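Visitor: In full-length UniProt numbering, the protein residues as written are 1 to 952. The structure's right below; bear with me while I get my questions together.
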């Protein structure tokens, strides 16, 4: 019994009762000559190759080729399966509304599917989502076709519990999705097809073999022309037309195919091609069992779906790249190493662009590392630049700059030079906990803004954040502008020339400002406490400084103050190398001659000033020098350190050397340029790089206040002295405080391009910081360069260079600093903020309040999973800056800066569902360039002169 067929290339094919054969007509855009069997089993190509079987491909009934070149299949189940004919894989499975899909038709706008329940569903050709559903027949759908804007169906209706044939065709207009006048028929219609050669003509076939040409625009024109197919009493089961509309083919239940044509010479397709048949199997000559000459490769391997025994797993394979040529031994012998760069004269034994052709002498890799390129300054220290797109920062992949779990800060905002210094404050755990618990009523409070920024860094999960709110509040403080910390386009060049002064001034200002803000909040909270109140800044950074001025008349003026940071005092220019600990000790205990006013002598006279610390801070902040003589002295000390140490000292790579592959020759290797790991060589280098004399500043030291003097001790020497001393008491050991290097702020000078100096910070993150960001409990140094974060070693963090890496601020913390402070974070936001009805719009009267605050009853009733809708509206503060290149392309230099202008929160359920309980405008002191949504009255909310109804 023939179930389905189609005419192609002037030939007809039929299938047995076990399968239904479907052909795709050849077109200019497709080259498909295969057929597939829909017998409930797996799909099969005409060349005999079966597709991978699937549980979804069962009881298939119909298929159609989509405009994208994929195959859409349906059957007696709820799924439409989209198959990629190139990869032979299922790419999409969509559920239909009905339980089956019996017919599929293609339309330029839709993919039409019909079920046996009499419904036709129109799907989107791209997403296969349901666009429209048409209920055509109450009983069962027999056939339908679609062409242009018309959909014509035939089927059965349910009358008195039985199915009866509808003696008419139903016509639907796809433009308005409404039915048109039905077309009456002289016989019960079973099958129908549009004839594409005519715009509105279709051929209708009955089960007994009658067919008629009907025009949907004029149904009476061809009503009398009814043709009969001589089937010999067999029923017509299938019917189709050729793509040229010159031939009809009818298939009956007896297995015969009846072909009707417009003429004797019928052209079935516009683009005929010869039929491709399967290649004949070539016979192979038998091989004798005793034949030892004939290779076995002449026998082809059978088609195997599983893996071969000779296939190696991926873990045993390695990608091998093109090996680089070795360096001439003459160059290696005459090369002079300057830190990590080697210089050698050209031996002149090779012409220009001449390379050796001996492939056997090539090595797998060059012995010289080229991670940082030919530049002296590593790329991770330079200022990172990114190319902005139309989508701003959304399309930039920041993972190539930061592969850690910490979040960086974007550098496209004004005054973003302080990003890396903010990161240091963030990783001071007691300060972070205190600022997260801080909340006050000031409009511009740096402590509040830092607390909000720290919360963003906690929840960003590695994505970069913007310090826009902090920088906006930072610009409004008069003291910051007075100290020259506000950088704009006018004095941008000044910033590049005085970066060390800028860094140290910013550090001094922030410590004083945070101390004042947190102290005011503590005074407000504990008004009844008459004892001396100290802020978190004083307890962390504060040290009691005793100062005494002695005059020649034996008059002494003494006072005790609190200092938050210490300025390193350098001696006059000297040609000898001074240890860092000696400079630190003379900076903590100062004795100098000054000119000051004497009340006893009643004139300015020469006095002797003595300063020393009476208590030690938990975090010791050291300014390395602001003036030009101090910076020059620091550079000279670094230069002397470099000349006195080994010239082969270089920065360690980002990963430890122990991760390299060990050399198979071990200690017997005699190659000077071997790139593999050698235990006897690398251990020696690691010991040299870990020695304190390799860096001017130590990684740790001890401080002790004794007899009005601060004593600085080296930890290594103090340990040796403690071992030798037997009579050391516990009291003497408790007097000393051990400090370790916590962070370093450095200025990086770009030696190849002037004006591109950069500020970076190296921070030692402890176990608490790692565990907060889902890491392990360990100590690790990181290099923070705006949104670029790289893991480094302690030796690299302490490494200084008089040419391009100059330290500005050093942070030394006590080893037990976290145990001396409470690290618990208290939520400063209470329920009172949800009950306030204060808004900018209230300035013009209570009638403009557009929200109803939460009542006390609602706060107790609200569950944890309360449904709340939130809406935010933004304004543009600065337009994006772009440039037009000579080739006409547009490049974005700085994206536009946006700010939130309005926040609305609406109840999602409850008695007041849909009523907002927060509808606040956010005031700004900056000029708004674009309100973006004027119809929501953002400008009116900012001016508070008038206010319209809320919108969310």
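For each residue, glycine too, the CB sits at the ideal point set by N, CA and C. The model shown is predicted, which means the values in this text are computed figures rather than measured ones.
Starting from the Cα of residue 487, find the closest Cα among 564, 464 and 416 and give me that residue.
Guide: Numbered from 1 along the chain shown, position 487 holds the residue referred to as residue 487. Minimum Cα distance to residue 487 is reached at 416.
Visitor: Going by other Cβ atoms of all chains shown within 10 Å of its Cβ, with 16 needed for buried, is residue 111 buried or exposed?
Guide: Against the chain shown, residue 111 aligns to sequence position 111. Result: buried.
Visitor: Grab the span of the alpha helix (DSSP H) containing residue 321 for me, first residue to last.
Guide: Start at 1 with the first residue of the chain shown, and residue 321 comes out as number 321. Here residue 321 belongs to no alpha helix (DSSP H), and DSSP marks it neither H nor E.
Visitor: If contacts are defined as beta-carbon pairs under 8 Å, then residue 740 and residue 813 qualify, I think. What distance do you get, rounded to the angstrom?
Guide: Translated into positions along the chain shown, residue 740 becomes position 740. Translated into positions along the chain shown, residue 813 becomes position 813. Sure, about 7 Å apart at Cβ, within 8 Å.
Visitor: Output needed for residue 577: all residues of its chain with C-beta closer than 8 Å, excluding positions within five of it in sequence on either side, in chain order.
Guide: Taking the chain shown and counting its residues from 1, one reaches residue 577 at position 577. Excluding sequence positions up to five before and after residue 577, its CB lies within less than 8 Å of the CB of 637, 640, 641 and 644, all in the same chain and listed in chain order.
Visitor: Once the 5 residues before and after residue 187 are set aside, which same chain residues still bring their CB inside 6 Å of it?
Guide: Locating residue 187 in the chain shown gives position 187, counting from the first residue. Leaving aside the five residues that flank residue 187 on each side, the residues in its chain whose CB is nearer than 6 Å to its CB run, in chain order, 206 and 210.
Visitor: For the alpha helix (DSSP H) that contains residue 447, what are its first and last residues?
Guide: Here residue 447 is taken as the residue at index 447 of the chain shown, counted from 1. Residues 446 to 459.
Visitor: Give a yes or no on whether the C-beta atoms belonging to residue 229 and residue 247 are separated by under 7 Å.
Guide: As a working note, residue 229 is residue 229 in the chain shown. As a working note, residue 247 is residue 247 in the chain shown. It is not a contact, given that the beta carbons lie outside the stated cut-off.
Visitor: Kindly indicate which residue of 480, 802 and 857 has the alpha-carbon position closest to the one of residue 634.
Guide: Taking the chain shown and counting its residues from 1, the one referred to as residue 634 is at position 634. Nearest of 480, 802 and 857 to residue 634, Cα basis: 802.
Visitor: For residue 201, which residues does DSSP report across the bridge?
Guide: On the chain shown, residue 201 is found 201 positions in, with the first residue counted as 1. According to DSSP, residue 201 bridges with 215.
Visitor: Which residues in the same chain as residue 536 place their Cβ atom closer than 6 Å to its Cβ, once the five residues preceding and following it in sequence are excluded?
Guide: Here the question's residue 536 lines up with position 536 in the chain shown. So the qualifying residues of the chain are 434 and 518.
Visitor: Could you tell me which residues DSSP puts in a beta bridge with residue 404?
Guide: Mapped onto the chain shown, residue 404 falls at position 404. Beta-bridge pairing links residue 404 to no other residue.
Visitor: Could you say which of 213, 334 and 191 lies nearest to residue 200 if we only look at CA atoms?
Guide: Counting from 1 along the chain shown, the entry for residue 200 is found at position 200. Per the Cα distances, 213.
Visitor: For residue 518, does the three-state DSSP call read helix, strand or coil?
Guide: Translated into the one-based positions of the chain shown, residue 518 becomes position 518. Of the three classes helix, strand and coil, the one that applies to residue 518 here is helix, per DSSP.
Visitor: If you compare alpha carbons, which of 738, 818, 742 and 95 is closest to residue 795?
Guide: On the chain shown, position 795 is the one that residue 795 refers to. Measuring from the Cα of residue 795, the nearest candidate turns out to be 742.
Visitor: By DSSP's criteria, residue 189 is part of a beta bridge. Which residues make up the other side?
Guide: Looking up residue 189 in the chain shown gives position 189. Paired residue(s): 206.
Visitor: Count the other CB atoms, across all protein chains shown, that sit within 10 Å of the CB of residue 225; report buried if there are 16 or more and exposed otherwise.
Guide: Your numbering for residue 225 matches position 225 in the chain shown. Result: exposed.
Visitor: By alpha-carbon positions, which one of 139, 510, 422 and 420 ends up nearest to residue 162?
Guide: The residue you call residue 162 lines up with position 162 of the chain shown. Out of 139, 510, 422 and 420, 139 has the C-alpha closest to the C-alpha of residue 162.
Visitor: Suppose you measure from the CA of residue 484 to the CA of residue 506; what does that come to, to the nearest Å?
Guide: Stepping through the chain shown from its first residue, residue 484 is reached at position 484. Stepping through the chain shown from its first residue, residue 506 is reached at position 506. The alpha-carbon atoms of residue 484 and residue 506 are separated by roughly 9 Å.
Visitor: Does DSSP classify residue 857 as helix, strand or coil?
Guide: As a first step, residue 857 is located in the chain shown; it is residue number 857 there, counting from the start. Reduced to three states, the DSSP call for residue 857 is helix.
Visitor: Tell me which same chain residues have a C-beta within less than 6 Å of the C-beta of residue 928, skipping the five on either side of it?
Guide: As a working note, residue 928 is residue 928 in the chain shown. Result list for residue 928: 875, in chain order.
Visitor: Tell me whether residue 553 is buried or exposed, calling it buried when 16 or more other Cβ atoms sit within 10 Å of its Cβ.
Guide: Sequence index remark: in the chain shown, residue 553 carries index 553 (1-based). With fewer than 16 Cβ atoms within 10 Å of its Cβ, residue 553 is classed as exposed.
Visitor: Contact defined as beta carbons within less than 8 Å: I believe residue 100 pairs with residue 116. What is the distance between those atoms, to the nearest angstrom?
Guide: By 1-based counting over the chain shown, the position of residue 100 is 100. By 1-based counting over the chain shown, the position of residue 116 is 116. About 6 Å separates the two Cβ atoms, so the contact holds.
Visitor: For residue 907 and residue 921, which I take to be in contact (beta-carbon distance under 8 Å), what is that distance rounded to the nearest angstrom?
Guide: The sequence position of residue 907 within the chain shown is 907, counting from 1. The sequence position of residue 921 within the chain shown is 921, counting from 1. No, residue 907 and residue 921 are not in contact; Cβ-Cβ is about 20 Å, not under 8 Å.
Visitor: Per DSSP, residue 278 is paired with what?
Guide: Here residue 278 corresponds to residue number 278 of the chain shown, with the count starting at 1. Partner(s): none; residue 278 has no beta bridge.
Visitor: Note the first and the last residue of the continuous alpha helix (DSSP H) segment covering residue 332.
Guide: Translated into positions along the chain shown, residue 332 becomes position 332. Run containing residue 332: 329 to 333, per the alpha helix (DSSP H) assignment.
Visitor: Residues in the same chain with beta-carbon distance under 7 Å from residue 427, minus the five sequence neighbours each way, listed in chain order, please.
Guide: Taking the first residue of the chain shown as 1, we reach residue 427 at position 427. 763, 765 and 769, listed in sequence order.
Visitor: At what residues does the alpha helix (DSSP H) containing residue 768 begin and finish?
Guide: To locate residue 768, count along the chain shown from 1; it is residue 768. From DSSP, the alpha helix (DSSP H) with residue 768 extends over 767 to 772.
Visitor: Do you know whose CA, among 69, 54 and 103, lies nearest residue 63's CA?
Guide: The residue labelled residue 63 in the question sits at position 63 within the chain shown. Among 69, 54 and 103, the Cα nearest to that of residue 63 is on 103.
Visitor: Is it buried or exposed for residue 306, if we count other Cβ within 10 angstroms and need 16 for buried?
Guide: One-based indexing of the chain shown puts residue 306 at position 306. Classification for residue 306: exposed.
Visitor: Who are the Cβ neighbours of residue 432 in its own chain at under 7 Å, not counting the five residues just before and after it?
Guide: Locating residue 432 in the chain shown gives position 432, where the first residue counts as 1. Result list for residue 432: 426 and 454, in chain order.
Visitor: Applying the criterion that 16 or more other CB atoms from any shown protein chain within 10 Å of the CB defines a buried residue, is residue 580 buried or exposed?
Guide: Taking the chain shown and counting its residues from 1, the one referred to as residue 580 is at position 580. Under a 10 Å Cβ-count criterion, residue 580 is classified as buried, with 16 or more other Cβ atoms of the shown protein chains found around its own Cβ.
Visitor: Alpha carbon to alpha carbon, how far is residue 71 from residue 275? Give it in angstroms, no decimals.
Guide: The residue labelled residue 275 in the question sits at position 275 within the chain shown. The residue labelled residue 71 in the question sits at position 71 within the chain shown. Their Cα atoms are separated by approximately 21 Å.
Visitor: With a Cβ-Cβ cutoff of 7 Å, do residue 476 and residue 626 count as a contact?
Guide: The sequence position of residue 476 within the chain shown is 476, counting from 1. The sequence position of residue 626 within the chain shown is 626, counting from 1. Not in contact: residue 476 and residue 626 (Cβ atoms no closer than 7 Å).
Visitor: In this structure, how does DSSP classify residue 592 when only helix, strand and coil are distinguished?
Guide: As a first step, residue 592 must be located in the chain shown, where it is residue number 592. If DSSP states are grouped into helix, strand and coil, residue 592 belongs with the strands.
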